[in-house]
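For the sequence shown, this note's numbering gives the first residue as 183, with consecutive numbering after it. Don't be surprised by glycine CBs; every beta carbon is placed ideally from N, CA and C.
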Amino acid sequence: MNFPLKSIVYALLGMIGLGLMTEAAKARDQKKSGRVLRHVVCFKFKENAKPAQIQRVEREFAALKKKIPQIRAFEMGTNNSPEGLDKGFTHCFVVTFGSEKDREIYLPHPAHKKFVSILKPILEDVFVIDFWAGGD
183 MNFPLKSIVY
193 ALLGMIGLGL
203 MTEAAKARDQ
213 KKSGRVLRHV
223 VCFKFKENAK
233 PAQIQRVERE
243 FAALKKKIPQ
253 IRAFEMGTNN
263 SPEGLDKGFT
273 HCFVVTFGSE
283 KDREIYLPHP
293 AHKKFVSILK
303 PILEDVFVID
313 FWAGGD
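See below:
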């Protein structure tokens with residue numbers, strides 16, 4: 183069997199086109215469903231962390247929204263639960279993405295890595311959970 187080069191090129195282009203259309207359809211369906219990916223991060227700071235250091239962490243984390251375009255929304259707050267089940271975690275941050283690909287860009291992003299380097303010296307523990315919200 184001898185296939186002409188032209189046929190092979192057309193077949194490859196067709197497969198690439200189909201792959202691109204599939205990815206575009208996934209993204210379109212995700213947008214239609216109104217689903218977003220929530221990245222929830224809770225911090226427990228070291229006992230010797232100074233209020234000014236914690237405030238800097240809050241500012242730097244919030245500033246990531248302007249530095250990383252894949253972040254759709256950012257929310258933060260401190261624990262206000264009367265249940266006493268916080269296990270020492272005082273701060274909660276919710277970063278919203280449109281897709282897992284957006285999160286994949288965010289995690290190794292230089293601005294995120296710089297933020298982590300500011301956070302680490304005063305961080306006792308961290309809890310992270312991601313989930314899909316909205317839509318059906």
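With a Cβ-Cβ cutoff of 9 Å, do residue i and residue j count as a contact?
{"i": "F297", "j": "C224", "result": "no"}
{"i": "P292", "j": "Q235", "result": "no"}
{"i": "F243", "j": "M258", "result": "yes"}
{"i": "H273", "j": "F227", "result": "yes"}
{"i": "V239", "j": "I300", "result": "yes"}
{"i": "E306", "j": "E229", "result": "yes"}
Could you say which of the options lies nearest to residue i if we only look at CA atoms?
{"i": "I250", "options": "P290, F309, G316, A315", "result": "P290"}
{"i": "K283", "options": "H221, P186, K188, I198", "result": "H221"}
Can you tell me whether residue i is buried or exposed, with buried defined as 16 or more other CB within 10 angstroms of its CB?
{"i": "L267", "result": "exposed"}
{"i": "V277", "result": "buried"}
Go through its chain and collect everything with a Cβ distance to residue i's Cβ below 6 Å, but skip five positions before and after it.
{"i": "A315", "result": "V218, R220"}
{"i": "T260", "result": "T272, H273"}
{"i": "F313", "result": "R220"}
Problem set entry | Length at least 3, wholly inside the segment 256-290: the beta strand (DSSP E) runs in chain order | Here the runs fully enclosed are 273-279.
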